[in-house]
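Novice: Residue numbers (the numbering used here), protein chains in the order written: chain E, 1 to 108; chain F, 1001 to 1418.
C-beta atoms are modelled at their ideal positions from N, C-alpha and C, and glycine is treated no differently.
What you are looking at is a predicted structure, and each value in this text was computed from that prediction instead of being measured.
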Amino acid sequence: MPTVNYIDADGTRHVVEVPPGENVMRGALYNNVTGIVGECGGGLSCATCHCYVDPAWTGRVGPPASQDERDLLQAAACEVRPNSRLSCQIVMTEALDGLTVALPQTQY
Amino acid sequence: MAVDAAHPVPPSYPRRVGMDQVPPHVDKTLIRQAGITFSPEFLAAPHKFMADLHDKQPPLFYDVGMMGNAWQAIKHADALHILRNPEVFTNEGATPFPRDPDDYFYFIPQEIDPPHHRKYRNIVDPVFSPQGVLKLEGKIRALANALIDTFIAKGECEFAEDFGRPLPVTVFLDIMGLPQDMRDTFVSWAMDLLHSNNDRAVMQRAMDNITTYLKSAIAGKKAHPDDGVVSLIAHAAPGGVPLSDKEIFGFVCFLFIGGLDTVFATLNNIWLYLAQNPAKVAEMRADPDNINAQVEELLRVWSVTFSGRVLTRDYELRGVRLGKDDRITCILPACNFDPEVFPEPREVNFHRPRQTVLAFTVGVHSCMGAHLARLEIKIALQEWLKRIPEFSLKPGTQVEYRPGGVVGPEAVPLVWTA
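Quick look at the structure:
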């Protein structure tokens, strides 16, 4: 099964198996990675699953998937960078095996 | 202080009702008797009443009334803060429905705070996730059209009875795996529980009926599993440990109560508004690709419910001293009219920048049915607008609102040229 590396703001690394078709937000929630909150459950209405895609992966993950995601990112609690994404909008595939995302200091 | 959901005990918080039970720490200048959810002024136009709170009341005030004394928060930012800090503002014991103290249970996951909360959400999240509910799209669309078929030629309908209720309740019972022929009975129980004007005897009787029915339904699903949510919960074993009977019951019971009334009330509110605002309807018809923003904006101005919490300790918010065991209610519809977050808040504007709309609350207890609700509202709007020409309120209609914690009109009689 493909894995995702979640890097907490303090540098702690969580290596989690996330099945293809599942999104990166829920991969964190289901495995006690607390740096992602995902309070709306993936409905593009909260911006609490903000992550920074590792520069080595931005090409494969791509930019925000919709105008809603771009708008909501502006409401994120921490600095928004060119590699910012809402992790609920990143759907896992075999091609993303080994994906690394860094988590912001806070989601609120 | 995490509760043990397998061994529930009634909360020890005092229930304070009336002016003589205002605790001494409450700033006297912040005490109000605003009549939220039941006064004639509220029931005349509830959403206007809640929008007006920003002009008439301080941002945080202590309301004394027959529903129980509680702080009332109307600022968007305060609601986010309260709802996102369960360590201070707990859900444990904050749910108002009566329960037998000798056979107590928790509403799950509503009354369970982190860390145990996630265990329960994980069981049902796949069903209620955006991808999960999308599987129902075809079914919901077909149902919406079947309902429209029953009245389109007549040129009129009573929207609440003919569409607003059967659409979401039928979908919900399907998801749960509960029988459709019990629909009206279930709805009447929910009405008694949620809209009895706080008549504890009526609420208790409704709760007894619901309890007896659901216990037998759960036993049935244990013996004969199916792919409905009641069965899913009855057979769940997070971390290899099966849920206890109390957990299963509290979980199913909570979904049951939450699923019967809220989308119904939301649809009724929205259609009542649209019937009186043909220009907005025309705008929607002309811009079908903007449907998601339209749904979100209609949810903002027509949200239906409240989020209550209990203070776990003394706390200061907005310079106001709150005490341990105080109750606090976020008036979500009022927060959605906060002019600091939504400029010209009373104006329905389908092109607002995306903000957190508090229709479904936020924080860990954010509504698990939100994606289903959004999908149902979207499909209902799309199919209705495709088939029903310009419609309006039946002449002579006096709109009446139900008192209670889910805000919507009693009936919405509509007419159009068939």
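Using a Cβ cut-off of 7 Å, pull out every chain E residue sitting near SER1129 of chain F, in sequence order please.
Specialist: Going along chain E in sequence order, the residues near SER1129 of chain F (Cβ under 7 Å) are GLY41, GLY42.
Novice: Helix, strand or coil for MET1001 of chain F, going by three-state DSSP, please let me know.
Specialist: Unreliable positioning characterises MET1001 of chain F in this predicted model, as indicated by a pLDDT of 49, which lies under 50. A coordinate reading is not provided.
Novice: Just checking: is the beta-carbon of TYR108 of chain E within a distance shorter than 7 Å of some beta-carbon in chain F?
Specialist: Judged by the 7 Å Cβ criterion, TYR108 of chain E is in contact with chain F.
Novice: I need the boundaries of the beta strand (DSSP E) containing TRP1071 of chain F, first residue and last residue.
Specialist: Unbroken beta strand (DSSP E) run through TRP1071 of chain F: 1070-1073.
Novice: Taking buried to mean at least 16 other C-beta atoms within 10 Å of its own C-beta, is THR1305 of chain F buried or exposed?
Specialist: With 16 or more Cβ atoms within 10 Å of its Cβ, THR1305 of chain F is classed as buried.
Novice: Check VAL1407 of chain F in the structure and name its three-state DSSP category.
Specialist: VAL1407 of chain F: coil per DSSP, three-state reduction.
Novice: Pull up the distance between the alpha-carbon of LEU1298 of chain F and that of ALA1160 of chain F, whole angstroms please.
Specialist: Cα-Cα distance, rounded: 17 Å.
Novice: Taking C-alpha atoms, which residue in F:ALA1051, F:SER1196, F:ILE1140, F:LYS1028 lies nearest to VAL1169 of chain F?
Specialist: Among F:ALA1051, F:SER1196, F:ILE1140, F:LYS1028, the Cα nearest to that of VAL1169 of chain F is on F:ILE1140.
Novice: Taking only beta-carbon atoms, is THR1361 of chain F less than 7 Å away from chain E?
Specialist: Answer no: the Cβ-Cβ gap between THR1361 of chain F and chain E never drops below 7 Å.
Novice: So which residues on chain E does SER1366 of chain F lean against when the C-beta distance must stay under 8 Å?
Specialist: Simply GLU39, CYS40, GLY41, CYS46.
Novice: Helix, strand or coil for ARG1327 of chain F? Go by DSSP, reduced to three states.
Specialist: Here ARG1327 of chain F sits in strand by DSSP.
Novice: Smallest Cα separation from LYS1075 of chain F: which of F:GLU1087, F:PRO1115, F:GLN1057, F:ARG1321?
Specialist: The residue with the shortest Cα to Cα distance from LYS1075 of chain F is F:GLN1057.
Novice: Flag this pair as yes or no: are the beta carbons of PHE1163 of chain F and LEU1147 of chain F separated by less than 7 Å?
Specialist: Going by C-beta atoms, PHE1163 of chain F is nearer than 7 Å to LEU1147 of chain F.
Novice: How about ALA1411 of chain F and GLU1158 of chain F: are their beta carbons less than 7 Å apart?
Specialist: Going by C-beta atoms, ALA1411 of chain F is nearer than 7 Å to GLU1158 of chain F.
Novice: Just checking: is the beta-carbon of ASN5 of chain E within a distance shorter than 7 Å of some beta-carbon in chain F?
Specialist: False, the Cβ-Cβ gap to chain F never drops below 7 Å.
Novice: Take PRO1278 of chain F as the anchor and find which of F:LEU1311, F:SER1392, F:VAL1202 has the nearest alpha-carbon.
Specialist: Selected option, being the one with the closest Cα: F:SER1392.
Novice: So, using beta-carbon positions, are PHE1089 of chain F and GLN1072 of chain F closer together than 7 Å?
Specialist: Contact: no.
Novice: Is DSSP giving THR151 of chain E helix, strand or coil here?
Specialist: The shown model of chain E, from 1 to 108, leaves out residue 151 of chain E, and the question about it has no answer.
Novice: At a CB-CB cut-off below 8 Å, which residues of chain B make contact with LEU103 of chain E?
Specialist: Absence of chain B from the displayed structure is noted, the protein chains being E and F.
Novice: Could you tell me the boundaries of the alpha helix (DSSP H) in which VAL1064 of chain F lies?
Specialist: That residue, VAL1064 of chain F, is in no alpha helix (DSSP H); it is neither H nor E in DSSP.
Novice: For ASN1268 of chain F, count neighbouring Cβ atoms within 10 angstroms of its own Cβ and tell me buried if that reaches 16, exposed if not.
Specialist: Looking at its Cβ environment, which holds 16 or more other Cβ atoms inside 10 Å, ASN1268 of chain F is buried.
Novice: Residues in the same chain with beta-carbon distance under 7 Å from THR58 of chain E, minus the five sequence neighbours each way, listed in chain order, please.
Specialist: These residues qualify, in order along the chain: ASN83.
Novice: Please specify which runs of the alpha helix (DSSP H), each continuous and at least 4 residues long, are wholly inside the region 1097-1176 of chain F, giving them in chain order.
Specialist: Listed in chain order, the complete alpha helix (DSSP H) runs (minimum 4 residues) inside the region 1097-1176 of chain F are 1117-1128, 1130-1134, 1137-1151, 1166-1176.
Novice: Roughly how many whole angstroms lie between the Cα atoms of MET1001 of chain F and TYR1013 of chain F?
Specialist: The pLDDT assigned to MET1001 of chain F is 49, lower than 50, so where the model puts this residue is not dependable; a value taken from the coordinates is nonetheless given after this. Cα to Cα, the separation comes out at about 14 Å.
Novice: Could you tell me the distance, in whole angstroms, from the CA atom of LEU1194 of chain F to the CA atom of ALA1373 of chain F?
Specialist: For LEU1194 of chain F and ALA1373 of chain F, the distance between alpha carbons rounds to 19 Å.
Novice: Is there a Cβ of chain F sitting closer than 7 Å to that of ASP8 of chain E, yes or no?
Specialist: By this cut-off, ASP8 of chain E is not an interface position.
Novice: Name the DSSP beta bridge partners of ILE1031 of chain F, please?
Specialist: DSSP output for ILE1031 of chain F lists F:TYR1062 as bridge partner(s).
Novice: With a threshold of 8 Å on Cβ separation, who are the neighbours of LEU1043 of chain F within its own chain once the five nearest residues in sequence on each side are excluded?
Specialist: Cβ neighbours of LEU1043 of chain F beyond the five flanking positions: GLU1400, TYR1401, PRO1403.
Novice: How long is the line joining the alpha carbons of PRO1130 of chain F and ASP1027 of chain F, rounded to whole angstroms?
Specialist: In a straight line, the C-alpha of PRO1130 of chain F is about 44 Å away from that of ASP1027 of chain F.
Novice: Quick one: is SER1366 of chain F buried, meaning 16 or more other Cβ sit within 10 Å of its Cβ, or exposed?
Specialist: Classification for SER1366 of chain F: buried.
Novice: Please name the residues in the region 1074-1086 of chain F whose beta-carbon is closer than 8 Å to at least one beta-carbon of chain E, in chain order.
Specialist: Listed by position, the residues of the region 1074-1086 of chain F near chain E (Cβ gap below 8 Å) are LEU1080, ARG1084.
Novice: Going along chain E, which residues have a C-beta under 7 Å from ASN999 of chain F?
Specialist: What is shown of chain F runs 1001 to 1418, which leaves residue 999 of chain F out entirely.
Novice: Compute the distance between the beta-carbons of MET1368 of chain F and PHE1049 of chain F, then report whether it is under 7 Å.
Specialist: No, Cβ-Cβ distance for MET1368 of chain F and PHE1049 of chain F is not below 7 Å.
Novice: What does LEU99 of chain E pair with, by DSSP beta-bridge criteria?
Specialist: Beta-bridge pairing links LEU99 of chain E to E:VAL4.
Novice: Could you say which of F:PRO1046, F:ARG1032, F:ALA1045, F:THR1356 lies nearest to PRO1059 of chain F if we only look at CA atoms?
Specialist: The shortest Cα separation from PRO1059 of chain F among F:PRO1046, F:ARG1032, F:ALA1045, F:THR1356 belongs to F:ARG1032.
Novice: For LEU1272 of chain F, collect the residues of the same chain with a Cβ closer than 6 Å to its Cβ; drop the 5 residues on either side in sequence, then sort them by chain order.
Specialist: PRO1409, VAL1412.
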